[in-house]
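Going by this note's numbering, the sequence shown opens with residue 5, and the numbers climb by one from there. Before any comments, here is the structure.
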Amino acid sequence: MELKVIDTFNDLIETCKDGEYGFRASAEHAKSPALRTLFERRALDCALAAEQLAQRVLAAGGRPETGGTASGALHRGWIAVRGQLAGYSDLALLESCERGEDIALDSYRNALAADLPAADRELVAMQFEAVKRSHQQIRELRNDERVRSL
């Protein structure tokens with residue numbers, strides 16, 4: 005059972021690291037100060053979530069992941085290319101962040117489908133709810149930005 009928890013949590017740590025890196029990169033390029041602040045805050049939220057998961061991995065006798073996924077690196081590369089083509093518009097950044105949050109939601113759904121002890125499931129469920137709220141906020145901001153850019 006502990007090995008399953010370690011593997012599941014390490015997958016989520018990688019997802020959180022991907023989110024942290026993606027939000028930090030987006031914050032660097034956001035034109036709106038409010039968006040920059042939001043992206044920086046979300047990067048910190050992702051870092052905190054990864055740290056919570058890492059503590060659980062250590063408690064289970066495992067070694068926490070320290071980096072993101074290969075697909076996350078590809079996504080960040082796509083953000084950079086798209087940003088250069090679109091001039092790093094706030095709309096392009098919001099769309100990229102929303103895609104990243106879609107991926108995070110899938111990762112958390114997979115983790116919740118795993119056979120986890122109650123305390124571990126509670127941590128995953130709490131983080132999943134935070135990602136859902138973030139996703140909704142980013143989607144609403146993206147929709148607002150689309151209307152403004154018409």
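For every residue, glycine included, the Cβ atom is placed at its ideal position computed from N, Cα and C.
In terms of Cβ geometry, residue 34 and residue 97 form a close pair [threshold 8 Å].
Spatial neighbours of residue 102 in its own chain (CB-CB distance under 8 Å, excluding positions within 5 residues in sequence) are listed in chain order as 139, 142, 143 and 146. Taking C-beta atoms under 8 Å as the contact rule, residue 16 and residue 111 qualify, at a distance of about 6 Å.
Counting only residues of its own chain and dropping the five nearest sequence neighbours on each side, residue 10 has a CB closer than 6 Å to the CB of 61, 64 and 66. Approximately 5 Å separates the beta-carbon atoms of residue 40 and residue 31; this is inside 8 Å, confirming the contact. Under the DSSP assignment, residue 26 falls in the alpha helix (DSSP H) whose first and last residues are 6-33.
DSSP, read as helix, strand or coil, puts residue 68 in coil. Excluding its 5 nearest sequence neighbours in each direction, residue 43 has C-beta neighbours in its own chain below 8 Å: 27, 28, 30, 31, 34, 97 and 101, listed in chain order.
The alpha carbon of residue 99 has as its nearest neighbour, out of 20, 18 and 150, the alpha carbon of 150.
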